[in-house]
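A.B. asks: Below is one structure. I have some questions about it.
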Amino acid sequence: MSALGVEVNVGNDDGETNTAVRVPERVLRRDQARLEEAERRRNVKESQTVTEEKSDFFTSTFNAEKTAVEEMLSACDHNDRDKAAETLEEATLKIHQLQKFFNDSMMFLTQYEIRQAQASLQKLQSSLAEKRDELLPKKKFAFRSRNTEASKQPAPLQQTTDKSASDVAGTVVVVDAAVSVNQCGFSHADSQVLIKQAEEIQQRDVLLSHLTNCKVRLYGCPSTVHIKNIRGCEILSGPVSSSVFVDQCTDSTLVFPCQQLRTHNTTATQIYLHVTSRAIIEDCHGVRFAPFTWTYPGIHDHYKVAGLDPNRNNWTEVDDFNWLAAGTPSPNWTVIPETERICSWDVVEQAS
């Protein structure tokens, strides 16, 4: 029984054709496989070359823009307040543009490049905040009642407003703290309801720190939100133009849409999230995620102001920097089952 094969004509030195030679099919299959593997390697190499070129372009462009912002902050004139304010606003815009450039480039960056860029952006934000504190005078930011007895409290001050007076426990309080012109927020409060309306936020940086058992409502569009040293709190925010930074948060519920989320040192916390890039956690345990479910009048307009796509939500795309085991889910975060998710926050607020 002859082996299966394919006849191939073989010529001699005189150009004449000899009798056909039968080539085994296994040899042909092996040769075909070799050609296909060579083609695959060529495609992979071309893809890697394109990715490397994009990565190199990102690195050079990002570093150039970062340096420009650093030089802009260093050149701020202490003697010209108006000029300093104008420069700081320009630096804020450039940092937002740099954040967007980074978000759009994440798909072809390595984990190392992502970490380096995120660290640089956070450093720029910190430098910007420090410059604001240094160059612009601080003022008290609050809507005060005519009852001046509250001003006798050492710190922080608080007041009862008429608006939403029938809400939690019949009282809405606002903590008053010394903040820079371009920053607002609440700090050092316990068991209070803290609310800021859209006109109070207006694309400003929001800082929430040292809060315990508080309910926070941000009915507006912050530029960035910093949440630090929080315990037992419920924080709901409108669309955030750039990033939300969370650090030292315990036994809390956080609800917000944003471009980027970076969470550190957080435990036993639920996050109802709308994020257009990817969420990042580091040194966290017992964090649970669900899709963003809060709404209020005007929130759709605030999505437009923030530049967020309401139809693009990567809330399940979570990168754990402490868990590098490929193919194995991180034990530090989970998804909240649908039966346990909160859908009506107004009911929760009234019930409390």
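Residue numbering for the sequence shown follows my numbering, beginning at 18 and increasing consecutively. Where is the CB? At the ideal position from N, CA and C, for every residue including glycine.
Is S240 closer than 7 Å to Q220 when the C-beta atoms are compared?
C.D. replies: Closer than 7 Å, so yes.
A.B. asks: Where do the N-terminal and C-terminal ends of the beta strand (DSSP E) with S260 fall, by residue?
C.D. replies: Here the beta strand (DSSP E) through S260 covers 260-267.
A.B. asks: Taking Cβ positions, are K83 and S143 nearer each other than 7 Å?
C.D. replies: No, the pair does not count as a contact, with Cβ atoms beyond the cut-off.
A.B. asks: Provide the residue span of the beta strand (DSSP E) that contains Y289, from first to last.
C.D. replies: 277-292 is the extent of the beta strand (DSSP E) around Y289.
A.B. asks: From D336, Y313, T270, pick the residue whose C-alpha is nearest to that of A307; which is it?
C.D. replies: Checking every option, the nearest Cα to that of A307 belongs to T270.
A.B. asks: With DSSP as the reference, label R43 as helix, strand or coil.
C.D. replies: Three-state DSSP puts R43 in a helix.
A.B. asks: Take D184 and list the residues in its own chain whose beta-carbon comes closer than 6 Å to its own, dropping the five residues that flank it on each side.
C.D. replies: Bear in mind that a pLDDT of 37 at D184, under 50, signals an unreliable position, so the model cannot answer this.
A.B. asks: Using CA coordinates, which residue listed in N120, E147, T267, P346 is at the minimum distance from A134?
C.D. replies: Selected option, being the one with the closest Cα: N120.
A.B. asks: Considering only residues of the segment 205-263, which uninterrupted beta strand (DSSP E) runs meet the minimum length of 3 residues and lie entirely inside it, listed in chain order?
C.D. replies: If we require 3 residues or more, the beta strand (DSSP E) runs fully inside the segment 205-263 come out as 210-213, 222-229, 232-235, 241-248, 251-254.
A.B. asks: My guess is that C301 and N246 are in contact by the Cβ rule of under 8 Å, so how many angstroms apart are they, rounded?
C.D. replies: The pair is not a contact, with the Cβ atoms about 15 Å apart (cut-off 8 Å).
A.B. asks: Leaving aside the five residues before and after Q265 along the sequence, list all residues of the same chain whose C-beta is less than 8 Å from its C-beta, in chain order.
C.D. replies: Once the five neighbours on either side are set aside, the close Cβ partners of Q265 are K245, N246, I247, H281, N282, T283.
A.B. asks: With burial defined as no fewer than 16 other Cβ atoms inside 10 Å of the residue's Cβ, what is the status of E251: buried or exposed?
C.D. replies: Flag for E251 reads buried.
A.B. asks: Unbroken alpha helix (DSSP H) runs of length 4 or more, entirely within the segment 56-128: which are they?
C.D. replies: Complete alpha helix (DSSP H) runs here, min 4: 98-122.
A.B. asks: Would you kindly check if the distance between the Cβ of S254 and the Cβ of S226 is under 7 Å?
C.D. replies: No, Cβ-Cβ distance for S226 and S254 is not below 7 Å.
A.B. asks: Can we count K100 as close to the ligand FAD, meaning its CB is less than 6 Å from some heavy atom?
C.D. replies: The model depicted lacks the ligand FAD and carries no ligand whatsoever.
A.B. asks: What residue ranges within the segment 299-334 form continuous alpha helix (DSSP H) runs of no fewer than 4 residues, ordered along the chain?
C.D. replies: Whole alpha helix (DSSP H) segments, 4+ residues: 316-323.
A.B. asks: Using only the alpha-carbon positions, how far apart do R43 and E54 sit?
C.D. replies: Using only the alpha carbons, I get a separation of about 16 Å.
A.B. asks: Just mark Q139 as buried or exposed, buried being the case when its beta carbon has 16 or more other beta carbons within 10 Å.
C.D. replies: With fewer than 16 other Cβ atoms within 10 Å, it is exposed.
A.B. asks: Return the chain-ordered list of same chain residues with a C-beta closer than 7 Å to the C-beta of D94, the five sequence neighbours on each side being excluded.
C.D. replies: If we look at D94 and ignore the five residues flanking it on each side, its Cβ neighbours are K100, A101.
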